[in-house]
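Asks: To start, I am sharing the structure in question, which I have written as structure tokens.
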Amino acid sequence: MSDISTTKASAETMISMTGVAKWYGAFQALNDINVSVRKGEKIVLCGPSGSGKSTLIRCINHLEAYQQGEIRVGGILLGHQAKSIDAVRREVGMVFQQFNLFPHLTVLQNCMLAPMRALGLGKAEAEGRARQLLERVKIAEQAEKYPAQLSGGQQQRVAIARALCMRPQVMLFDEPTSALDPEMVKEVLDTMIDLAREGMTMICVTHEMGFARQVADRVIFMASGAIVEEAPPVEFFSNPKHERTRKFLGEILGH
Amino acid sequence: MNYTLDFTPVIEGMPNLLTACLGTFVLAICGMLLATVIGIGGVVLRTSKIKALRWLVIGFVEIIRNTPFLVQIFFIYFALPLAGLRLDPTPTAIIALGINGGAYAIEIIRGGVQSISKGQVEAGLALGLHKAQVFRLIVLKPALRAIFPSLTSQFVLLTLTTSIASAISAYELTSVSQRIESDSFRSFEVYFTVTAFYLVISWLMMRLFAFFSARYFAYPVK
Amino acid sequence: MGQDEFLFLLMGLKWTVALSVVGFVCGCIAGLGIALARTCGSRPVETVVSGYIAIFQGTPLLMQLFVVYYGLALIGIKVDAWVAVSVGLTLHASAYLGEIWRGAIEAVPKGQTEASKALALSYVSRMKDVVLPQALRISLPATIGFLVQLIKGTSLASIVGFTELTRAGNIISNQIFQPLTVFGIVGILYFIMCCPLTIYGAHLERKFAASAR
Chain E
1236 MSDISTTKAS AETMISMTGV AKWYGAFQAL NDINVSVRKG EKIVLCGPSG
1286 SGKSTLIRCI NHLEAYQQGE IRVGGILLGH QAKSIDAVRR EVGMVFQQFN
1336 LFPHLTVLQN CMLAPMRALG LGKAEAEGRA RQLLERVKIA EQAEKYPAQL
1386 SGGQQQRVAI ARALCMRPQV MLFDEPTSAL DPEMVKEVLD TMIDLAREGM
1436 TMICVTHEMG FARQVADRVI FMASGAIVEE APPVEFFSNP KHERTRKFLG
1486 EILGH
Chain V
2 MNYTLDFTPV IEGMPNLLTA CLGTFVLAIC GMLLATVIGI GGVVLRTSKI
52 KALRWLVIGF VEIIRNTPFL VQIFFIYFAL PLAGLRLDPT PTAIIALGIN
102 GGAYAIEIIR GGVQSISKGQ VEAGLALGLH KAQVFRLIVL KPALRAIFPS
152 LTSQFVLLTL TTSIASAISA YELTSVSQRI ESDSFRSFEV YFTVTAFYLV
202 ISWLMMRLFA FFSARYFAYP VK
Chain L
167 MGQDEFLFLL MGLKWTVALS VVGFVCGCIA GLGIALARTC GSRPVETVVS
217 GYIAIFQGTP LLMQLFVVYY GLALIGIKVD AWVAVSVGLT LHASAYLGEI
267 WRGAIEAVPK GQTEASKALA LSYVSRMKDV VLPQALRISL PATIGFLVQL
317 IKGTSLASIV GFTELTRAGN IISNQIFQPL TVFGIVGILY FIMCCPLTIY
367 GAHLERKFAA SAR
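Protein chains in written order, with my numbering: chain E, 1236 to 1490; chain V, 2 to 223; chain L, 167 to 379.
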């Protein structure tokens, strides 16, 4: 079934979240989250809206601060000081629902910005890297265009290349296909599948269950800020244990 | 009622008036640059984590916006020597113009920064850029583009405000015209001509901004 | 600075208020005419009026006051400084308010005009009963913003030689040699006049922005 996960993840732990909790005022957004992701593992995170899945992955690169527990990424303890946050962000790439390309920069410049400014790469090296990765997401010929001149699917592929230019060890995807017109979803998913095939550690918040079946090593289902169930995709889809999971799958798969 | 218009003193004073136009340009351009620096710095402080700094900026903006420039320039003119800064009227006027324009620039730029979606900032942070880098490399240019029309009209207003610098005898068009007027008593002729000069100057300023905008903001948006 | 000096400043303040009120009220009346002429639909009229606006928005208020002051004398009208300044401020205000209200009139959805035409309303009724009430609401924050600008602008009357607040400050400052104290107090007096208006304008803007959402 899951043809890609045969490239088995190693035993080395890439991300560990232990007892992570987060509140917005009195509202508890995350409740005692314990997740461990091995190097090369692909996780699909799903759940109803407001279940905390976006918040969870946004904690991993500290776009959201968490108040309790511990997060480690590639051996770095993610504290609240700038130093550890910077260190983690250099290792973690993120792709957003709304692409968030920088409108005033060309595609190429979008990809070169962070390698030059955050990693201190020279211009030639950054450009080489950017062109190579644009090639890989099959959009090299658009390098000199501005984001507004591209379709949504193309923009999202550029966003993936931009994140990869940092040579991250982990990629986070926050509903990468939700803002796309249906005919563009496939090109983005194909890019993600390629990436998975190459052994990238990935955590994807998505409702694309076909993608989960094909790529994920594990599917994690969240509701009300807590992890309800996690299982390999075959088991998750064929034999969900919890009532809430069954209800969610019923709604999303339309039966 | 038997007054005949006589532009002879104006024509004789033309070389002086034209040079004075340059003085007006110098005041305006330097004032704008200082205002921009104050504007950007003010926005950075205005979004600081330290509450006292935020209130300092708010207080500064409100004091400047709610008092006349003429009073401000007098105050600064008398205050600078007390602070140990003995400057000629022209640099003093530039400082006053910069401070005045800066207060408006803070409000305008802040509006522009707020118009940038949170996602842009998050994307920059997620790429490992520092907050200052995110502001400088990602937020600033699109924000400037969004506010450029209001910044343009504010800076044209600043250009016109340079005429008030004549109150402390800074070197610019109005003070030179006042000198010609008091020598010749051809008040209407002098001021009528100089008003036309200002019209041309503010028009030139607008062209300059339009040119800059076409150059610097030439990226497409949806 | 003693009590007498302060009272002198308050006398100046009285004139500042008077100039502001006259300039604003007359400017509103003239500005309404400008705004209506600017949106009347007749090409020549609109061109002339937009020229008028461009001239007043493209030249310094100080020069406008000078030209009006000496221009009135030139055509043989002998008037007090305060009348000349009032005329100057009125013309200035009419151009700015005219432009603000033109924008507001154009911001009223076109369907409103079409609906009133379809109901056979006359131009006067269409404007008075339908378009202007909506435009006025839209323009209120900007109008208040301009009023603040006008109050501050009255300080330039001092350069023409009229004793309002700023010139009163100049006079006192020359007498007692405490320019910072005097101009500080003058500034505070302006601030007390302008700040409530600024706050009110910002409040309206937020309120309208919220209701537009």
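C-beta atoms are modelled at their ideal positions from N, C-alpha and C, and glycine is treated no differently.
In angstroms with no decimal places, state the Cα-to-Cα distance between L1336(E) and C1294(E).
Replies: 21 Å
Asks: How long is the line joining the alpha carbons of N1474(E) and T1436(E), rounded to whole angstroms?
Replies: Their backbone Cα atoms lie some 26 Å apart in a straight line.
Asks: Looking at C-beta atoms only, is the number of pairs between the segment 259-271 of chain L and the segment 215-224 of chain L that lie closer than 8 Å three or more?
Replies: yes
Asks: Please go through the segment 1316-1342 of chain E and give each complete beta strand (DSSP E) segment of 3 or more residues, from N-terminal end onward.
Replies: 1327-1330
Asks: In the DSSP assignment, find the unbroken beta strand (DSSP E) run with M207(V) in it and report its ends.
Replies: Note, M207(V): premise wrong, no beta strand (DSSP E); alpha helix (DSSP H) at 188-217.
Asks: With burial defined as no fewer than 16 other Cβ atoms inside 10 Å of the residue's Cβ, what is the status of G1485(E): buried or exposed?
Replies: exposed
Asks: Between D1238(E) and the rest of its own chain, which residues show a CB-CB distance below 8 Å, the 5 nearest in sequence each way excluded?
Replies: Its pLDDT being 49, under 50, D1238(E) is placed unreliably in this model, and the value from its coordinates should be taken loosely. For D1238(E), where only same-chain residues beyond five positions count, the Cβ hits under 8 Å are Q1449.
Asks: With burial defined as no fewer than 16 other Cβ atoms inside 10 Å of the residue's Cβ, what is the status of Q1302(E): buried or exposed?
Replies: exposed
Asks: Would you say S116(V) and A133(V) are within 8 Å of each other, going by their C-beta atoms?
Replies: no
Asks: Find the residues of chain E that neighbour V222(V), judging by a C-beta separation of less than 8 Å, and give them in chain order.
Replies: P1338, A1383
Asks: Any beta carbon from chain E within less than 8 Å of A127(V)'s own beta carbon?
Replies: Answer yes: the Cβ-Cβ gap between A127(V) and chain E drops below 8 Å somewhere.
Asks: Could you give the first and the last residue of the continuous beta strand (DSSP E) run that contains S1271(E)?
Replies: 1262-1273
Asks: Exposed or buried, what is F232(L) when buried is set at 16 or more other beta-carbons lying within 10 Å of its beta-carbon?
Replies: buried
Asks: How big is the Cα-Cα spacing for S183(V) and E212(L)?
Replies: In this model, S183(V) and E212(L) are separated by some 38 Å (Cα to Cα).
Asks: How many angstroms separate the CA atom of F186(V) from the CA atom of I59(V)?
Replies: 46 Å
Asks: Check this for me: beta carbons of N101(V) and C360(L), under 8 Å apart or not?
Replies: no
Asks: Is L179(L) closer than 8 Å to L355(L) when the C-beta atoms are compared?
Replies: Cβ atoms of L355(L) and L179(L): closer than 8 Å.
Asks: According to a CB-to-CB cut-off of less than 7 Å, which residues of the segment 1324-1336 of chain E neighbour chain V?
Replies: Answer in chain order: R1324, R1325, M1329, F1331, Q1333, N1335.
Asks: Tell me which residues share the same chain as A1(V) and place their Cβ nearer than 7 Å to its Cβ, disregarding the 5 neighbours each side in the sequence.
Replies: This structure cannot speak to residue 1(V), because chain V is shown only from 2 to 223.
Asks: From I202(V) to N340(L), what distance separates their C-alpha atoms?
Replies: 35 Å
Asks: Could you give the distance in angstroms between the alpha-carbon of A334(L) and the alpha-carbon of L176(L)?
Replies: So the two alpha carbons sit approximately 9 Å from each other.
Asks: Taking only the alpha-carbon atoms, compute the straight-line gap between S324(L) and L185(L) and give it to the nearest angstrom.
Replies: 12 Å
Asks: Mind checking the segment 62-76 of chain V against chain L and listing, in chain order, the residues whose C-beta falls within less than 9 Å of any C-beta there?
Replies: E63, I64, R66, N67, T68, P69, F70, L71, V72, Q73, F75, F76
Asks: When DSSP labels each residue in this structure, what does D1238(E) get in the three-state scheme?
Replies: Unreliable positioning characterises D1238(E) in this predicted model, as indicated by a pLDDT of 49, which lies under 50. A coordinate reading is not provided.
Asks: Roughly how many whole angstroms lie between the Cα atoms of L1415(E) and C192(L)?
Replies: 56 Å
Asks: State the Cα-Cα distance for the pair S1240(E) and S1413(E), rounded to the nearest angstrom.
Replies: Here the model assigns S1240(E) a pLDDT of 47, short of 50, so the residue's position is not dependable and the matter cannot be decided.
Asks: Considering only residues of the segment 1392-1430 of chain E, which uninterrupted alpha helix (DSSP H) runs meet the minimum length of 4 residues and lie entirely inside it, listed in chain order?
Replies: none
Asks: Shorter than 8 Å from the beta carbon of Y4(V) to some beta carbon of chain L?
Replies: yes
Asks: Three-state secondary structure (DSSP) at R1307(E)?
Replies: strand
Asks: Is the segment 189-200 of chain V in contact with the segment 9-19 of chain V, if contact means three or more CB pairs nearer than 8 Å?
Replies: yes
Asks: Can the beta-carbon of P1382(E) be found closer than 8 Å to that of Q1390(E)?
Replies: yes
Asks: Between Y105(V) and chain A, is any beta-carbon pair separated by less than 8 Å?
Replies: In the structure shown, chain A cannot be found, because the protein chains are E, V and L.
Asks: From the DSSP output, which residues share a beta bridge with W1258(E)?
Replies: Q1263(E)
Asks: Beta strand (DSSP E) containing A166(V): first to last residue?
Replies: Judged by DSSP secondary structure, A166(V) falls outside any beta strand (DSSP E); it is assigned neither H nor E.
Asks: Thinking just about the alpha-carbon of each residue, which of Q1332(E), A1317(E), P1283(E), A1458(E) is nearest to the one in H131(V)?
Replies: A1317(E)
Asks: In this structure, how does DSSP classify K1358(E) when only helix, strand and coil are distinguished?
Replies: helix
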